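One rule links them: number in this note's numbering = place in the sequence shown (from 1) + 128.
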Amino acid sequence: MAKRSKKYLEALKLVDRSKRYTLTEAIELAKKTSYAKFDATVEIAFRLNIDPRKAEQNLRGTVSLPHGTGKEVRVLVIAKGDKVKQALDAGADYAGDTEYLDKIKGGWFEFDVVIATPDMMGELGKLGRILGPKGLMPNPKTGTVTMDVDRVVKEFKAGKVEYRTDKVGNIQVPVGKVTFDTPNLEENIKAVYRQLMRVKPATVKGVYMRNVTISTSMGPGVKIASESME
């Protein structure tokens, strides 16, 4: 177990580990226990009763946060011709074809989301080993393989985020910054919760959401009572 800092241990004393707080209480406590000197990211983590090895339980998609993440999202679009201009006009940070594929091969990663037109996926697929492990490979499930590049660029710039299940059935999503007002964080978290309830696999037996925890970049986790997110 990694040695925790004195500040972390002090913050941890304020959290009752056996309690599930209401959403409002949990957000307030997470903010109070954030001791970072920067505007820390607030993250929500769902421990789900699913088996990601089963295709229908391997959840992946996107959700639009009403108040965004508070982070500037850098968008790269891999496309040709007039789609490049469309992407740039819509606010993409970078747009083009082979020149960006070559830059990625060379180790360039100054972007957070990759959107591609279907005709470019053959070329982009060759970079699967580089982009896949970083979660950056465009995917039809997340709407990032599309001809409608201007709309999708605008959505990601406005606060759309991806979610995906890890190997043990957890999903973690950034939902804002510590400086966000509590009601705005509440609305963002509820948007993610509602989306995960919508995509609940029909094959899940028993309790679907085992644990929901909110945390900040360096602060301790605070458990949330699921019913307070309804």
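For glycine and all other residues, C-beta sits at the position ideal for the given N, C-alpha and C. Quick caveat: nothing in here was measured; it's all calculated off a predicted structure.
CB of residue i within 8 Å of CB of residue j, strictly
i           : j           : result
residue 242 : residue 272 : yes
residue 218 : residue 281 : yes
residue 305 : residue 150 : no
residue 156 : residue 310 : yes
residue 154 : residue 350 : yes
residue 225 : residue 249 : no
residue 158 : residue 299 : no
Cβ neighbours of residue i in the same chain (closer than 8 Å, five flanking residues each side left out)
i           : result
residue 397 : Any answer about residue 397 is impossible in this case: the structure gives the chain only from 129 up to 358.
residue 327 : 187 and 189
residue 129 : Any answer about residue 129 is weak, because its pLDDT of 46 lies below 50 and its placement is not dependable; what the coordinates show is given next. Around residue 129: no qualifying Cβ.
residue 233 : 255 and 258
residue 331 : 182, 184 and 185
Paired residues, beta bridge with residue i - DSSP
i           : result
residue 223 : 205
residue 339 : 175
residue 243 : 205
residue 188 : 292
residue 141 : Looking at the DSSP assignment, residue 141 forms no beta bridge with any residue, so it has no partner.
7 Å CB neighbourhood of residue i in its chain, flanking five on each side removed
i           : result
residue 354 : 337 and 340
residue 216 : 223
residue 193 : 287, 289, 303, 316 and 319
residue 295 : 180
Spatial neighbours of residue i in its chain, beta-carbon cut-off 6 Å, leaving aside the 5 residues before and after
i           : result
residue 318 : 357
residue 220 : 203, 205 and 281
residue 214 : 277 and 278
residue 274 : 280
residue 335 : 177
residue 142 : 161
Any chain B beta carbon closer than 8 Å to residue i
i           : result
residue 343 : The chain labelled as chain B is not found in the depicted structure, where only one protein chain is given.
Between the segment 201–212 and the segment 173–188, are three or more C-beta pairs nearer than 8 Å? no
I'd like to know if the segment 135–152 and the segment 331–348 are in contact, where contact means that at least 3 CB-CB pairs between them fall below 8 Å. yes
At what residue ranges does the segment 245–303 contain a whole run of the beta strand (DSSP E), taking only runs of 3 or more? 288–292
Give a yes or no on contact between the segment 257–275 and the segment 153–169, applying the rule of three or more CB pairs nearer than 8 Å. no
If contact is defined by three or more beta carbon pairs under 8 Å, each pair taking one atom from either stretch, is the segment 247–264 in contact with the segment 300–315? no
Mind pulling the alpha helix (DSSP H) runs of 4 or more residues that sit fully within the segment 314–338? none
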